[in-house]
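Below is one structure, written out as structure tokens; comments come after it.
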Amino acid sequence: MDLNDGDVNVNPTETIAPSTIHLGALDRSAVAALSARERDPDFLVKRREEALVFVERTPFPNRLEELWRRTDISGLKWDRVLANVEPRPPARSVKDLSPFLQEEIGPSTERSALIVHVDSGIVLREMDDEIAKLGVTVLPLVEAARTRPELIQKHLGSVVRPDENRLSGLNAALASGGAVIHVPRGVTVPRPIRVVVSRETPDLGTFPHVLVVMEPESTATVIEEYVSPGESGTGVNVGVSEILVGQAANLHLATLQRWGSNVYHFGVERVRVARDARFHWTFAGLGGKLSKVDMEMHLDGEGSEAKFSGCYFGNESQHFDFHSFQNHRVGHSLSDLLFKGALRGKARMVYQGLIKVHKDAQRSDAYQANRNLILSNKARADSIPSLEIEANDVRCTHGATVGQVDEDQLFYLMARGLARLDAEQLIVRGFFEPVLERIPAESLRALVTEAIERKAAA
């Protein structure tokens, strides 16, 4: 199989052990070995096989495609990436994890459930008896496929199809770990459910798949985190998150990406919001070498609301490429997006945002804003908000700004005794504060705030 479109240097006679799968030698036997190791039910075996067939005939995205025009991944040697390794032994508690993860995860009093994914599998699961008695499901994807097949067969791939592009196909073929969260009708989960995806093995690809199903009139907060201390080699993460918010349900989703500087992150995060449902999305993109993320909110029912509060901070030569989509499929729906970022060094950010209002979606209300602070003369932000309106009774607003720190504000603070760098840090923190204050867990908010302040001080 040609993973690099003509640039593969893998010995065709190389034997791939069931415990290790290499992208350069990915074939049916390797995927079958993964299915056997995970004890997949028949429908998941078939899904992996069909996804592999699609991957084999589909090239990687390239700069000829509209949403990839400003991001070049041709230099990434996919054939050298390990696609899966033997899962690590399970931990008994957070105290058995690495010091890095212990600090990241924080106190148990701030969560109702926890799943920790390291490298190619789940190493820790926790769940309060309180929500277990209410029928809430929090399981690794492959375990949910065995124990809740009716739930997985109904919803897996209903929001993000495996055949959308080569990356979604790879995720479907190689998904391991990940998480399935199901909140039954009318149930309120009192504290956040956390899914932590981390990595420690050099030159490894991770393929987490998160599925959240909120039944009608349920309420929950879900935090998904992508973190690593920066192991050697090149890391790749190809993630998919499918979110379904049922009628009159309420979900706060926090997505936090703080990979080490060696990681290429590719993600699809897509939510469907039903009638009278409320969805609030908090996003922070701070880490990684290159991040390409599609963030989509589809308003499928009248009275639905979807709000997005996001931030990013790039330094050195980090590259961010974000695509947002606010899709009003029906009328009397509301979407609100505020995305703020700062760039230093040679960092670059590309933002392409689209509000689409379909012809029958009258009385829709949509807002989209992207604000950028440039903190060096070599940083660059390309912001491209856009509207596609087919209805004639709507209120839609969009805009973007790119600028440096206001010199008058700096002068004001420096005149009161602050050094220039301290004054700049204070302005940056104030710039991000409206987003940071919406992160639902106090310990997590402190970690993200500290990460931003470290970047601002660099």
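In this text, residue positions in the sequence shown follow this note's numbering: the first is 1469, and each later residue adds one. C-beta atoms are modelled at their ideal positions from N, C-alpha and C, and glycine is treated no differently. Quick caveat: nothing in here was measured; it's all calculated off a predicted structure.
1) Counting only the same chain and skipping the five closest in sequence on each side, list residues whose C-beta sits under 8 Å from that of Leu1894.
2) Would you report the Cα separation of Pro1486 and Asp1587, rounded to the nearest angstrom?
3) Can Gly1821 and Ser1792 be called in contact, C-beta distance under 8 Å?
4) What residue range does the alpha helix (DSSP H) around Gly1637 cover?
5) Below 6 Å CB to CB, which residues in the same chain sit around Arg1746 once its five sequence neighbours on both sides are set aside?
6) Hey, which unbroken runs of the beta strand (DSSP E) at 3 residues or more fall wholly within the segment 1525-1577?
7) Would you decide whether Phe1899 is buried or exposed? Buried here means 16 or more other CB atoms lie within 10 Å of its CB.
8) Using the beta-carbon count (16 or more within 10 Å), is Ser1844 buried or exposed?
9) Would you check if the distance between the CB atom of Phe1776 and the CB atom of Phe1751 is smaller than 8 Å?
10) Check whether the Cβ atoms of Pro1608 and Gly1645 sit closer than 8 Å, and answer yes or no.
11) Starting from Pro1853 and walking both ways along the beta strand (DSSP E), at which residues does that stretch end?
12) Which residues in the same chain as Leu1889 place their Cβ atom closer than 8 Å to its Cβ, once the five residues preceding and following it in sequence are excluded?
13) Would you list the residues sitting across from Gln1872 in a DSSP beta bridge?
14) Would you kindly work out how many angstroms separate the C-alpha atoms of Ser1803 and Pro1529, rounded to a whole number?
15) List the endpoints of the continuous alpha helix (DSSP H) containing Val1610.
16) Note down the Cα distance separating Arg1726 from Glu1858, rounded to an integer number of angstroms.
17) Please report the Cβ distance between Gly1728 and Ala1551, rounded to the nearest whole angstrom; I am assuming they are in contact, meaning their Cβ atoms lie under 8 Å.
18) Are at least three pairs of beta-carbons, each pair with one atom in the segment 1696-1706 and one in the segment 1504-1517, less than 8 Å apart?
19) Note down the Cα distance separating Phe1879 from Ala1891, rounded to an integer number of angstroms.
20) Could you check if Ala1640 is buried or exposed, using at least 16 other CB atoms within 10 Å of its CB as the buried criterion?
21) According to the Cβ coordinates, are Ala1829 and Val1798 closer than 8 Å?
22) Compare the C-alpha of Glu1534 against each of His1766, Asp1789 and Phe1522 and name the closest.
23) Just to confirm, is the Cβ distance from Pro1658 to Ile1691 under 8 Å?
24) Using the Cα positions of Ser1666 and Arg1831, report the straight-line distance between them to the nearest angstrom.
25) So, does the segment 1568-1581 touch the segment 1589-1598, judging by three or more C-beta pairs under 8 Å?
26) Taking just the CA atoms, how far does Val1499 sit from Arg1634?
27) Rounded to whole angstroms, what's the CA-CA distance from Ile1852 to Arg1505? Just pull it up for me.
28) Does DSSP put Gln1830 in a helix, a strand or coil?
29) With DSSP run on the structure shown, which of helix, strand or coil describes Val1604?
30) Spell out whether any CB of chain D is found under 8 Å from the CB atom of Lys1514.
31) Tell me which residues share the same chain as Val1916 and place their Cβ nearer than 8 Å to its Cβ, disregarding the 5 neighbours each side in the sequence.
32) Hey, Gly1625 and Val1523 are a contact pair by Cβ (cut 8 Å); roughly how many whole angstroms apart?
33) Does the Cβ of Arg1525 have 16 or more other Cβ atoms within 10 Å, making it buried, or fewer, making it exposed?
34) Using only the alpha-carbon positions, how far apart do Asp1564 and Asn1730 sit?
35) Could you give the residue range of the beta strand (DSSP E) that holds Thr1488?
36) Go through its chain and collect everything with a Cβ distance to Lys1814's Cβ below 6 Å, but skip five positions before and after it.
Concretely, from the data shown:
1) Leu1881 and Leu1886
2) With a pLDDT of only 45 at Pro1486, under the threshold of 50, the placement of this residue in the model should not be trusted; the figure read from the coordinates follows. Whole-angstrom Cα-Cα distance: 16 Å.
3) yes
4) Arg1634 to Leu1642
5) Asn1718 and Glu1773
6) 1550-1552
7) buried
8) exposed
9) yes
10) yes
11) Arg1848 to Ile1857
12) Ala1925
13) Ile1842
14) 29 Å
15) Leu1609 to Thr1615
16) 38 Å
17) Their Cβ separation, rounded to whole angstroms, is 19 Å, which puts Gly1728 and Ala1551 out of contact at 8 Å.
18) no
19) 9 Å
20) buried
21) yes
22) Asp1789
23) no
24) 43 Å
25) yes
26) 16 Å
27) 45 Å
28) coil
29) coil
30) No chain D appears in this structure, which consists of one protein chain only.
31) Leu1724, Arg1726, Ala1752, Leu1754, Leu1904 and Ile1907
32) Going by Cβ atoms, the distance from Gly1625 to Val1523 rounds to 15 Å, so no, they are not a contact pair.
33) exposed
34) 25 Å
35) No beta strand (DSSP E) holds Thr1488; DSSP gives it neither H nor E.
36) Ser1785 and Lys1846
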